[in-house]
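Counting the sequence shown from 1 gives a position; my numbering is that position plus 98.
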Amino acid sequence: MPTVILTGLPVPGSPLADELRSLGFDVRPAAGPQDAAAALAGLPADQRVAVVDSAFVGHVHALRLALTDPRFEACAVTGALAVQAGAREALEAAAAVAVAEPGGAGPYPDRLAAAVEAAGTTVQRPELGTLVAAVPAGPAERDAATAAVAAVDDEAVRLRTAVKSRDGFFTTFCISPYSRYIARWCARRGLTPNQVTTASLITALIAAGCAATGERWGYVAAGVLLLVSFVLDCTDGQLARYSLQYSTMGAWLDATFDRAKEYSFYAGLALGAARNGDDVWALAVGSMILMTCRHVVDFSFNEANHDATANTSPTAALSDRLDSVGWTVWLRRMIILPIGERWAMIAVLTAFTTPRIVFYALLVGCAFGALYTTAGRVLRSLTRRATRTDRAARALADLADSGPLAELQARLLRGRAGSFGSVYVAALGTLVMIAGAVFLPFGDPRLIAVAVIYVMTAGLAVAAPLKGALDWLIPPLFRAAEYVTVLALAVKADVPGALPAAFGLIAAVAYHHYDTVYRIRGGTGAPPHWLVRTIGGHEGRVLLITVLAAVLVTREADFPVALTVTAVFVALVVLVESIRFWVSSGAPAVHDEGEPA
């Protein structure tokens with residue numbers, strides 16, 4: 099059980115000790131810095147410890163934010179500080195200094211927080227908004243602080259902050275107004291966000307199974323269940339924010355299950371259409387490719403500009419001005435078809451139309467959204483004078499997913515790479531590879547030569563640090579080259595099972611790419627290099643698939659088997675390593691923040 103050291107003389111009638119116990123803390127009083135340091139030294143080193151001023155007046159949720167959030171090594175509000183095991187040494191050093199130099203200004207926990215931060219440990223200070231956290235200096239201030247606490251509904255703030263501050267129109271106005279209450283209901287019954295996330299996945303998989311029946315009742319049930327799954331998908335994050343139940347496993351589940359649900363539903367639609375004699379597997383694969391490439395554009399751009407300096411442009415200034423006009427904010431969020439709008443569209447069209455219409459609408463809508471966002475980001479990149487950091491260049495190189503063949507090219511060309519435009523080389527290689535896959539006959543040996551050219555351009559593109567204005571386009575270009583090559587060859591093979599096998603292979607590789615993104619976002623870096631080398635890198639997989647097509651040109655029926663074997667191999671290697679990482683103690687607990695109070 100975590101422990102709170104309650105410092106200073108007790109305040110008669112104060113509910114503080116009971117409030118701390120309600121948050122799950124063992125409360126130990128300490129009259130002064132010497133007693134606090136002694137109590138701290140007697141606690142297990144791996145235990146979360148908090149120090150709270152006994153005169154603290156504030157909302158319970160302010161204490162919850164400061165003392166129970168597992169994502170931060172140290173966290174503080176006025177009059178309260180909590181640290182995890184990683185910051186215990188810094189806290190004990192600060193407490194020893196406070197004993198040696200008593201009488202500092204301000205509440206004792208605040209002085210400890212300042213000392214811990216000065217020692218190099220980042221102290222998170224949550225944004226409280228209307229919540230109160232204070233250490234009054236006298237009776238008058240205490241009465242004023244108590245009145246301020248009574249004037250704000252702690253539970254209403256907690257519910258409001260459970261909802262993300264920036265979300266789509268459909269999610270904000272059609273889901274969140276009631277899903278936050280579902281989250282509170284779950285919290286009061288001891289349910290965890292991971293359980294709700296799992297329920298969302300199971301519901302989506304049932305929806306996919308209903309769609310696979312190919313019957314109208316199945317399509318209607320699939321549409322309803324997909325919306326229920328999305329409600330649960332919103333609820334799990336709101337439950338995490340409501341109760342501060344963040345975990346490494348939750349970060350992994352939340353990050354990957356959305357794609358698993360959506361892509362499983364695509365497969366269900368394709369299977370249902372096949373039962374009615376309509377082959378839409380190519381549309382399903384195309385939808386998956388478009389969504390994944392679009393997300394990689396988002397991830398790459400954000401990582402490239404995560405810590406860029408001089409990060410301004412006329413395009414960004416125009417966007418900021420439009421943000422001041424409320425209706426344009428919602429319009430721009432809706433037209434890019436975020437997950438809420440996208441799932442609502444898929445659910446309604448599934449219930450009332452056919453899988454082919456669903457995929458047509460999905461491809462058109464997502465293509466428009468991708469063009470809109472990518473064009474805006476290109477304009478921002480060309481008009482800003484940003485200086486990208488080594489960290490950004492490293493992240494882009496990791497997102498590129500280069501294997502041993504590209505690495506060899508990069509090493510050979512590294513000293514002469516400065517004169518080449520990396521993104522233009524990547525674009526040229528991508529266009530050549532896609533054109534070859536689309537226009538050359540299936541199994542044509544010339545496609546192997548095209549793949550070799552792609553390998554060479556892939557190595558040349560990453561030979562220099564990716565700090566160019568448009569170098570964030572390199573990862574999505576590589577994704578497009580690999581995915582479209584697999585799709586084109588599966589279509590040209592024109593044998594049963596080729597497109598479903600291509601769907602499985604692209605899904606396995608896409609999981610690897612999403613896993614890479616979320617590791618980088620969590621600050622732990624890309625997957626281990628042996629993993630990327632084992633599955634060949636994007637250029638190695640492209641070369642392998644083209645060679646398989648050439649070798650099996652006279653036995654086209656074996657091509658789906660080759661794709662399936664490749665997909666199973668990639669999926670096993672990637673999933674085993676991913677699961678090992680995300681359940682380990684070194685994985686980050688990353689979740690989106692809620693709206694400020």
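The beta-carbon is built from N, C-alpha and C at its ideal position, and this holds for glycine as well.
Residues bridged to residue i (per DSSP)
i    : result
P127 : L104
K565 : Answer by DSSP bridge pairing: none, since K565 is not bridged.
A232 : V155
K590 : DSSP lists no partner for K590.
Q222 : C173
Extent of the continuous alpha helix (DSSP H) run through residue i
i    : result
D499 : Taken as a continuous stretch (DSSP letters only), D499 belongs to no alpha helix (DSSP H), as it is neither H nor E.
C272 : That residue, C272, is in no alpha helix (DSSP H); it is neither H nor E in DSSP.
F679 : 657 to 680
N403 : That residue, N403, is in no alpha helix (DSSP H); it is neither H nor E in DSSP.
N292 : 291 to 309
L629 : 627 to 632
V214 : 206 to 216
A246 : 237 to 249
DSSP three-state assignment for residue i, whether helix, strand or coil
i    : result
D613 : helix
D116 : helix
G316 : helix
Q343 : coil
L511 : helix
V651 : coil
A178 : strand
V560 : coil
G438 : helix
V548 : helix
G516 : Here G516 scores only 49 on pLDDT, less than 50, and its place in the model should not be relied on; the value that follows carries that caveat. The answer is helix: DSSP assigns G516 an H, G or I state.
T448 : helix
L469 : helix
F540 : coil
P598 : helix
G140 : coil
M443 : helix
M389 : helix
L121 : coil
V378 : coil
V394 : helix
P168 : coil
T426 : helix
Cβ separation of residue i and residue j, assumed to be a contact under 8 Å, to the nearest whole Å
i    : j    : result
T101 : L141 : 6 Å
Y317 : A309 : 6 Å
G698 : G638 : Absent from the model: residue 698. The displayed extent of the chain is 99 to 695, so no value can be given.
T301 : L367 : Not quite, the Cβ-Cβ distance comes to about 16 Å (not below 8 Å), so this is no contact.
S385 : Y364 : 6 Å
Span of the beta strand (DSSP E) around residue i
i    : result
D151 : 147 to 151
8 Å Cβ cutoff met for residue i and residue j
i    : j    : result
Y344 : A338 : yes
V383 : L585 : yes
A665 : L603 : yes
V640 : M554 : no
T296 : V155 : no
C391 : L435 : no
V536 : F457 : no
H611 : V394 : yes
S398 : C332 : no
A194 : T219 : no
T270 : A232 : no
L661 : A588 : yes
V221 : A174 : yes
A207 : V149 : Looking at the sequence shown, residue 207 is not Ala but Pro. It is a contact, given that the beta carbons lie within the stated cut-off.
D133 : P205 : no
G557 : L511 : yes
R39  : D376 : Nothing can be reported for residue 39, as the shown portion of the chain is limited to 99 through 695.
A371 : G312 : yes
R286 : L257 : no
M99  : G122 : yes
W441 : F267 : no
F355 : L299 : yes
G362 : L303 : The residue you asked about is not Gly; residue 362 is Ser in the sequence shown. Yes. Within cutoff.
T652 : L497 : no
A160 : L107 : no
The ligand ATP heavy atom lying under 7 Å from the CB of residue i
i    : result
A139 : Looking at this structure, you won't find the ligand ATP or any other ligand, since it has none at all.
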